[in-house]
């Protein structure tokens, strides 16, 4: 019992190490990460894109599990990041055509009215959607960087292995060419920790990446 208590104490100590501070309110509330752009979603997607050098960072809102808010100035710990990303997913990189990226976004908003976990949190692109339209025809105005989406162009997309394998209905992502697969991948949570630690802060304001009509 004493040994177990000592181990748990050491584990808590290692998890409570600070990785940075939140410079604004960070939102991982379930109802929000599954229906709209959020600060935690942006932070995670930014980390995937920045840490891999991909054109686009792409995460499913259902993989963000903290269901809370962090006030500006809050110290973010390793435990916080692992609470937000508890599944042990790794970050893979796909070569994905613009047409398949469009299809992936359509899947992402296809069940927004159900608060489904497939809702996308993105970096490096912006888009609009209209839930009043039929699923599969809701997405418009897709921009990658400052350029309109080119359906024939191949983009480097950093995402997690779960949706890259077709999870949450992401069949379109399975069509991509695997550039970095699971065997050479880094844990998403580790990437997010490294990203926050390098910046010293967690800051990814809601900036109009996703607009609902």
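Residue numbers (this note's numbering): 4 to 216.
Heads up, the beta-carbon is just placed ideally off N, CA and C, and yes, glycines get one too.
What you are looking at is a predicted structure, and each value in this text was computed from that prediction instead of being measured.
Excluding residues up to 5 positions away in sequence, 121, 172, 173 and 175 lie with their Cβ nearer than 7 angstroms to the Cβ of residue 110 in the same chain. Nearest in C-alpha terms to residue 161, of all of 69, 77, 180 and 130, is 180. Contact annotation: residue 145 and residue 61 have beta-carbon atoms that are not nearer than 7 angstroms. Here residue 214 really is in contact with residue 131; their C-beta atoms are around 4 angstroms apart, less than 8 angstroms. Excluding the 5 residues flanking it on each side, residue 32 has same chain C-beta neighbours closer than 8 angstroms at 41, 70, 71 and 72, in chain order. Here DSSP, grouped into helix, strand and coil, assigns residue 170 to helix.
Between residue 47 and residue 147, the gap from beta carbon to beta carbon reaches 7 angstroms or more.
By the neighbour-count criterion, in which 16 or more other beta carbons inside 10 Å mark a residue as buried, residue 19 falls on the exposed side.
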